[in-house]
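Visitor:
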DNA sequence: AATTCAAATCGATATTTATCAACAAATAAC
DNA sequence: GTTATTTGTTGATAAATATCGATTTGAATT
């Protein structure tokens, strides 16, 4: 794992109150409490933030930048489960399981990350039931997302999977039809479960058909309705 | 959905205390409380217990029998996420999301099912933090299971996926090397994300190679170490 | 036992997808 | 600015997998 370099981007958890929906349910004193156990670290693009298999002592919140959340599959291959945006709490799976990371997280661009001690977080769950309920909500949403992802990966052909990937990036991550992609072609392949060569081919095809405009890392979704259609038909 | 036929297999929730780990964390009065909102229904093999898309008002606990938990994918295809055994709480994803079932559950054999009102369950989460924590634990375990399943479905070839499927049934569901399978060949295909024909072919191959013995629905795992190897190499 | 129907089986073929090799373009290092 | 080095691209080929049609088996029903 990349060595920790402390920073001071985010002064304290009371500030986070405004940015993390989950933390709005905490009182001032609870936030102050949480603040004493937190620290912040900067990562350069490409650095590993969480490494699968290592012990999990902290939860992670990206405060600036973008990261990929992936599992290490067979034969060195990665499967990107999702992209992590700022203010999303990462590490739930380790909270109550076996204190191991069952996935890796790596910075796609330079990132600032806030680490929160697991025990402090658990304490909030115990003493604040609204916090616990909101936390459960997020876990269950991720569950439903997983089911959809499994269907995409196992039942859709490459065109459908690439369509799903582009729609995910455009709607959920960048929230825009036009954006500068932080993922490499290999990352897109890892996100959609295919070889890099195949991913490039389908992207080019979509480009030639006028569904998207892709120049290097600049992606412009021209016809999202058609992407939806391709996604549905598999 | 199959019409409800009330039964009296399980007299009250205090009995369940002994069988469901989660419920052992509840007090007598809480169990009594939960009991007033519950009811029990029998299903015949093949009947649908939860139908994807319908509104979710109750959580489900199978008290006898076996069911498949699946999502309806593209072109009428099913993807079996997991097999549901007695005493497992089903329906978490609906608890705090949008009160819709995002998956279907169907009886593989005759089943007795206990339904618990969602609101009563939520009340327990709010007032009993140990219960909430145990519930979160189960959610996060399912999350990790999902990641492994995604890797299997997207990165392993058919031999690896069938090996995963057999190991799952043998170790997690039947907890024995020899068992009478309640899944059809189509179900096995839906569990491992391939066509029925392909599933049959691989199973036959494993049979001829002496890894398993499969006669109709009687499955005997002869060499689970080799199945593990096949699972790992993909 | 005869009938029916769904499930299982299997070979031939078509489709999808990965792999490989070669090369181009972009980026980083010197 | 030149040289490495990665990243992106493409066509040809090979491998994996699905589909289709025909056949068989097995269980349920008459």
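Chains as they are written, first to last, in this note's numbering: chain A, -8 to 225; chain B, -8 to 225. Every residue, glycine too, gets a C-beta built ideally from N, C-alpha and C.
#1: Taking DSSP's pairing of strands, which residues face residue 206 of chain A in a bridge?
#2: Bridge partners for residue 194 of chain B per DSSP, in chain order?
#3: Any idea what DSSP makes of residue 150 of chain B, helix, strand or coil?
#4: Rank A:78, A:37, A:185 and A:71 by C-alpha distance to the C-alpha of residue 100 of chain A and give the top, closest one.
#5: In terms of residues, what are the limits of the alpha helix (DSSP H) holding residue 59 of chain A?
#6: What does DSSP give as the partner residue(s) for residue 142 of chain A in the beta ladder?
#7: Starting from residue 124 of chain B, follow its DSSP beta bridges and name the residues at the other end.
#8: To the nearest angstrom, how far is it from the Cα of residue 76 of chain A to the Cα of residue 45 of chain B?
#9: Quick one, which residues of the region 185 to 207 of chain B are near chain A if we go by CB-CB under 8 Å, in chain order?
#10: So, for residue 143 of chain B: in the same chain, excluding its five sequence neighbours on each side, which residues have a beta-carbon less than 6 Å away from its beta-carbon?
#11: Could you check what DSSP says for residue 228 of chain A in three-state terms: helix, strand or coil?
#12: State the Cα-Cα distance for the pair residue 49 of chain B and residue 7 of chain B, rounded to the nearest angstrom.
#13: Starting from residue 137 of chain A, find everything on chain B with Cβ-Cβ shorter than 9 Å and list it in chain order.
#14: Rounded to the nearest angstrom, what separates residue 209 of chain A and residue 173 of chain A at their Cα positions?
#15: On a Cα-Cα basis, can you pick out the residue from B:23, B:70 and B:212 that is closest to residue 303 of chain B?
#16: Please report how far the alpha carbon of residue 64 of chain B lies from the alpha carbon of residue 221 of chain A, in whole angstroms.
#17: Let me confirm a value: residue 201 of chain B is counted as buried when at least 16 other C-beta atoms fall within 10 Å, else exposed. Which label applies?
#18: Is the shortest distance between the beta-carbon of residue 65 of chain A and the beta-carbons of chain B less than 8 Å?
#19: State the DSSP-derived secondary structure class of residue 32 of chain A, mapped to helix, strand or coil.
#20: From the beta carbon of residue 7 of chain B, is the nearest beta carbon of chain A less than 8 Å away?
#21: If you draw a straight line from the alpha carbon of residue 31 of chain A to that of residue 53 of chain A, how long is it in whole angstroms?
#22: Do residue 225 of chain A and residue 162 of chain A come within 8 Å of each other at the CB atom, strictly closer than that value?
#23: Under the three-state reduction of DSSP, which class applies to residue 68 of chain B: helix, strand or coil?
#24: Taking only three categories from DSSP, how would you classify residue 88 of chain A?
#25: Using a C-beta to C-beta distance shorter than 9 Å, which residues of chain A count as neighbours of residue 128 of chain B?
#26: Which word fits residue 92 of chain B, buried or exposed, when buried means at least 16 other C-beta atoms lie within 10 angstroms of its C-beta?
#27: Looking at chain A, which residues of the region 161 to 176 of chain B have a Cβ within less than 7 Å of any of its Cβ atoms?
#28: Quick one: what does DSSP say residue 55 of chain B is sitting in, helix, strand or coil?
#29: Within the 8 Å Cβ cut-off, does residue 62 of chain B reach chain A?
#30: Is there a Cβ from chain B that is less than 8 Å from the Cβ of residue 29 of chain A?
#31: Tell me whether residue 27 of chain A is buried or exposed, calling it buried when 16 or more other Cβ atoms sit within 10 Å of its Cβ.
#32: Please report the straight-line C-alpha distance between residue 80 of chain A and residue 33 of chain A, rounded to a whole angstrom.
#33: What three-state label does DSSP hand residue 220 of chain A in the structure shown?
#34: If you draw a straight line from the alpha carbon of residue 176 of chain A to that of residue 95 of chain B, how long is it in whole angstroms?
#35: Under the assumption that residue 179 of chain B contacts residue 190 of chain B (Cβ atoms under 8 Å), give the Cβ distance between them as a whole number of angstroms.
#36: When the distance is taken between beta carbons, is residue 117 of chain A closer than 8 Å to residue 216 of chain B?
Guide: Answer, in terms of the structure:
#1: Reading the first chain from its first residue, position 215 is the one you call residue 206 of chain A. Partner(s): A:209.
#2: Counting from one through the second chain, the residue named residue 194 of chain B turns up at place 203. Beta-bridge analysis with DSSP links residue 194 of chain B to no other residue.
#3: The residue labelled residue 150 of chain B in the question sits at position 159 within the second chain. Of the three classes helix, strand and coil, the one that applies to residue 150 of chain B here is helix, per DSSP.
#4: In the first chain, counting from the first residue as 1, residue 100 of chain A sits at position 109. Minimum Cα distance to residue 100 of chain A is reached at A:37.
#5: Position 68 of the first chain holds residue 59 of chain A. Unbroken run through residue 59 of chain A is the beta strand (DSSP E), 58 to 63; no alpha helix (DSSP H).
#6: Numbered from its first residue, the first chain carries residue 142 of chain A at position 151. For residue 142 of chain A, which the question treats as bridged, DSSP gives no partner whatsoever.
#7: Within the second chain, residue 124 of chain B is the residue found at index 133, counting from 1. Residue 124 of chain B is not bridged to any residue.
#8: Residue mapping note: residue 76 of chain A aligns to position 85 of the first chain, counting from 1. Residue mapping note: residue 45 of chain B aligns to position 54 of the second chain, counting from 1. Straight-line Cα distance between these residues: approximately 32 Å.
#9: none
#10: Translated into the one-based positions of the second chain, residue 143 of chain B becomes position 152. Only 152 and 155 meet the Cβ criterion.
#11: Only positions -8 to 225 of chain A appear in this structure, which leaves residue 228 of chain A out of reach.
#12: To locate residue 49 of chain B, count along the second chain from 1; it is residue 58. To locate residue 7 of chain B, count along the second chain from 1; it is residue 16. Residue 49 of chain B and residue 7 of chain B: Cα-Cα distance of roughly 17 Å.
#13: Taking the first residue of the first chain as 1, we reach residue 137 of chain A at position 146. Per Cβ cutoff of 9 Å: 72, 133, 134, 137, 138, 140 and 141.
#14: Translated into the one-based positions of the first chain, residue 209 of chain A becomes position 218. Translated into the one-based positions of the first chain, residue 173 of chain A becomes position 182. Using only the alpha carbons, I get a separation of about 9 Å.
#15: The structure shown has nothing for residue 303 of chain B, since chain B only spans -8 to 225.
#16: Here residue 64 of chain B corresponds to residue number 73 of the second chain, with the count starting at 1. Here residue 221 of chain A corresponds to residue number 230 of the first chain, with the count starting at 1. For residue 64 of chain B and residue 221 of chain A, the distance between alpha carbons rounds to 14 Å.
#17: Here residue 201 of chain B is taken as the residue at index 210 of the second chain, counted from 1. Its Cβ having fewer than 16 others within 10 Å, residue 201 of chain B is exposed.
#18: Taking the first chain and counting its residues from 1, one reaches residue 65 of chain A at position 74. So, interface residue.
#19: Mapped onto the first chain, residue 32 of chain A falls at position 41. Residue 32 of chain A falls in the strand class under three-state DSSP.
#20: Numbered from its first residue, the second chain carries residue 7 of chain B at position 16. Not a single CB atom of chain A sits nearer than 8 Å to the CB of residue 7 of chain B.
#21: The residue you call residue 31 of chain A lines up with position 40 of the first chain. The residue you call residue 53 of chain A lines up with position 62 of the first chain. Rounded to the nearest angstrom, the two C-alpha atoms are 9 Å apart.
#22: In the first chain, the residue the question calls residue 162 of chain A occupies position 171. In the first chain, the residue the question calls residue 225 of chain A occupies position 234. For residue 162 of chain A and residue 225 of chain A, no; Cβs fall outside 8 Å.
#23: For the purposes of this step, residue 68 of chain B is identified with residue 77 of the second chain, where counting begins at 1. Three-state DSSP puts residue 68 of chain B in coil, outside helix and strand.
#24: If you number the first chain from 1, residue 88 of chain A lands on position 97. In the structure shown, residue 88 of chain A sits in coil (DSSP, three-state: anything other than H, G, I, E or B).
#25: Here residue 128 of chain B refers to the residue found at position 137 of the second chain. Those are 86, 87 and 88, listed as they occur along chain A.
#26: The residue given as residue 92 of chain B occupies position 101 in the second chain. Label assigned to residue 92 of chain B: buried.
#27: Contact residues of the region 161 to 176 of chain B toward chain A are absent (C-beta to C-beta distance below 7 Å).
#28: In the second chain, counting from the first residue as 1, residue 55 of chain B sits at position 64. Strand, per DSSP.
#29: If you number the second chain from 1, residue 62 of chain B lands on position 71. Yes, residue 62 of chain B counts as interfacial toward chain A.
#30: Stepping through the first chain from its first residue, residue 29 of chain A is reached at position 38. Not an interface residue.
#31: Reading the first chain from its first residue, position 36 is the one you call residue 27 of chain A. So residue 27 of chain A ends up on the exposed side.
#32: What you label residue 80 of chain A is simply residue 89 of the first chain in a count that begins at 1. What you label residue 33 of chain A is simply residue 42 of the first chain in a count that begins at 1. Taking the straight line joining both Cα atoms gives about 17 Å.
#33: Within the first chain, the letter at position 229 stands for residue 220 of chain A. Taken through DSSP and simplified to helix, strand or coil, residue 220 of chain A comes out as helix.
#34: For the purposes of this step, residue 176 of chain A is taken as residue 185 along the first chain, with counting starting at 1. For the purposes of this step, residue 95 of chain B is taken as residue 104 along the second chain, with counting starting at 1. One C-alpha to the other measures close to 35 Å.
#35: To locate residue 179 of chain B, count along the second chain from 1; it is residue 188. To locate residue 190 of chain B, count along the second chain from 1; it is residue 199. That pair is a contact at about 5 Å.
#36: As a first step, residue 216 of chain B must be located in the second chain, where it is residue number 225. As a first step, residue 117 of chain A must be located in the first chain, where it is residue number 126. Taking 8 Å as the Cβ cut-off, residue 216 of chain B and residue 117 of chain A do not qualify as a contacting pair.
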